[in-house]
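Residue numbers (my numbering): 6 to 329.
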């Protein structure tokens, strides 16, 4: 399934409004914020139909999933938006992660816990906010707000150390930039090791570079770390491949159209995370050119000055202060 979907769930007292655009969306929040009520309304609508007094508006069917036989039910559901809450312990299992990867559904998971088995995006972690927007209708209006918003750096930050999530092409590219201006560049060797590498550093300004498309499960720890260490900042593009595509050096307007509305092009059953899609897209677009891309080893053509500067320009909040 692909595309962006607007969902309204309401009865005569409550109204929830959500926009879903990826295969995995996380809703977080403390008790009494309305998370469980959303699940209850969907269950009432599914069980009782019109007599429930609950209306569900969406271009795709919406339903809940629970119980010990979830793994038998899920393979028979197709092109739905499936809601699950934190009482279902199976959402933390590797079996569930495998089922999600093979599914053509979208999943909305209501949980206070991190789910390391699932590569969900930092951009799709939400909380439920109660607003008085519809007070004239005497309803409680619940809408999603983004918990981790993109931070504008002003002036541009100039890091003294850079910690990169992986050890592949992205790390090689950032290592080259850092070497030019005498900045330390460290590979964490995986998103789960970012916190460990950051804690090894002192009080210098640190820039963390990681794939925003799949780092959602690590964001709570990173966020707490940034609060305790104000000199630590995160740059979380979809992926390194996304940065290259965004630079405009490949593909022209067609690529930019995809980047503007990726949800319309990315089939969830084929790509568990958007990072994988952008890697495939870049690899296919460059396979017969001098910019042929390899994820595991950086093509030196990306370090040619004009190409490199085009890529650097995408990272507008960062002052690399590179000396050519």
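C-beta: ideal position from N, C-alpha, C; glycine also. In this text, all values refer to a predicted model and were calculated from it rather than measured experimentally.
Inter-residue spacing [alpha-carbon to alpha-carbon] between residue i and residue j
i           : j           : result
residue 264 : residue 247 : 8 Å
residue 245 : residue 313 : 13 Å
residue 318 : residue 252 : 7 Å
residue 315 : residue 199 : 27 Å
residue 22  : residue 205 : 43 Å
residue 15  : residue 290 : 45 Å
residue 256 : residue 212 : 29 Å
residue 96  : residue 43  : 18 Å
residue 76  : residue 101 : 8 Å
residue 12  : residue 115 : 15 Å
residue 283 : residue 55  : 42 Å
residue 323 : residue 92  : 42 Å
residue 24  : residue 134 : 14 Å
residue 47  : residue 292 : 46 Å
residue 119 : residue 71  : 19 Å
residue 81  : residue 51  : 16 Å
residue 49  : residue 294 : 56 Å
residue 69  : residue 217 : 27 Å
residue 31  : residue 186 : 39 Å
residue 286 : residue 121 : 26 Å
residue 224 : residue 98  : 19 Å
residue 180 : residue 45  : 50 Å
residue 275 : residue 126 : 16 Å
residue 168 : residue 235 : 15 Å
residue 280 : residue 176 : 15 Å
Whole-Å CB distance - residue i paired with residue j, under 8 Å assumed
i           : j           : result
residue 299 : residue 174 : 7 Å
residue 189 : residue 222 : In fact, because the Cβ distance is near 26 Å, the residues do not count as touching under 8 Å.
residue 219 : residue 278 : 4 Å
residue 273 : residue 7   : 6 Å
residue 170 : residue 196 : 5 Å
residue 230 : residue 203 : 6 Å
Classification of residue i by the beta-carbon crowding that lies within 10 angstroms, buried from 16 upward
i           : result
residue 157 : Because the pLDDT of residue 157 is 49, which lies under 50, any placement of that residue in the model is unreliable, and the question is left without a value.
residue 301 : exposed
residue 184 : exposed
residue 201 : exposed
residue 18  : exposed
residue 243 : buried
residue 9   : exposed
residue 329 : The predicted position of residue 329 is uncertain, since its pLDDT is 41 and thus under 50; a value taken from the coordinates is nonetheless stated next. Per the 10 Å Cβ criterion, exposed.
residue 164 : buried
residue 259 : exposed
residue 40  : buried
residue 303 : buried
residue 228 : exposed
Among the options, nearest to residue i - alpha-carbon criterion
i           : options               : result
residue 306 : 240, 178, 56 and 161  : 178
residue 239 : 11, 26 and 215        : 215
residue 90  : 112, 103 and 99       : 112
residue 79  : 261, 180 and 109      : 109
residue 403 : 76, 96, 64 and 182    : With the chain covering only 6 through 329, there is no way to say anything about residue 403.
residue 130 : 232, 29 and 242       : 29
residue 27  : 287, 268, 292 and 275 : 268
residue 311 : 241, 133 and 249      : 249
residue 124 : 133, 106, 132 and 117 : 106
residue 241 : 24, 132, 128 and 134  : 128
residue 208 : 237, 325, 57 and 172  : 237
residue 325 : 169, 161 and 225      : 161
residue 182 : 259, 320, 32 and 40   : 320
residue 84  : 66, 224 and 168       : 66
residue 73  : 32, 260 and 94        : 94
residue 233 : 176, 270 and 210      : 210
residue 117 : 60, 176, 33 and 59    : 33
residue 58  : 20, 126 and 224       : 20
Proximity test, Cβ basis, 8 Å: residue i and chain B
i           : result
residue 133 : The displayed structure is made up of one protein chain only, and chain B is not part of it.
Any non-hydrogen atom of the ligand MG closer than 7 Å to residue i Cβ
i         : result
residue 7 : Judged by which ligands are present, the structure shown has none, so any question about the ligand MG falls away.
Would you list, in sequence order, the uninterrupted alpha helix (DSSP H) runs of no fewer than 4 residues that lie entirely inside the region 70-132? Complete alpha helix (DSSP H) runs here, min 4: 75-78 and 99-106.
#### Entry: Contiguous alpha helix (DSSP H) assignments of at least 4 residues, all confined to the region 164-212
Entirely contained in the region 164-212, the alpha helix (DSSP H) runs reaching 4 residues are, in chain order, 174-185 and 199-204.
Every unbroken alpha helix (DSSP H) within the region 238-302, with a cutoff of 4 residues, ordered by chain: Qualifying alpha helix (DSSP H) stretches, in chain order: 245-251, 257-265 and 279-291.
Contained beta strand (DSSP E) runs [length at least 3] in the region 10-34, N- to C-terminal order: You should have 10-15, 19-25 and 29-33.
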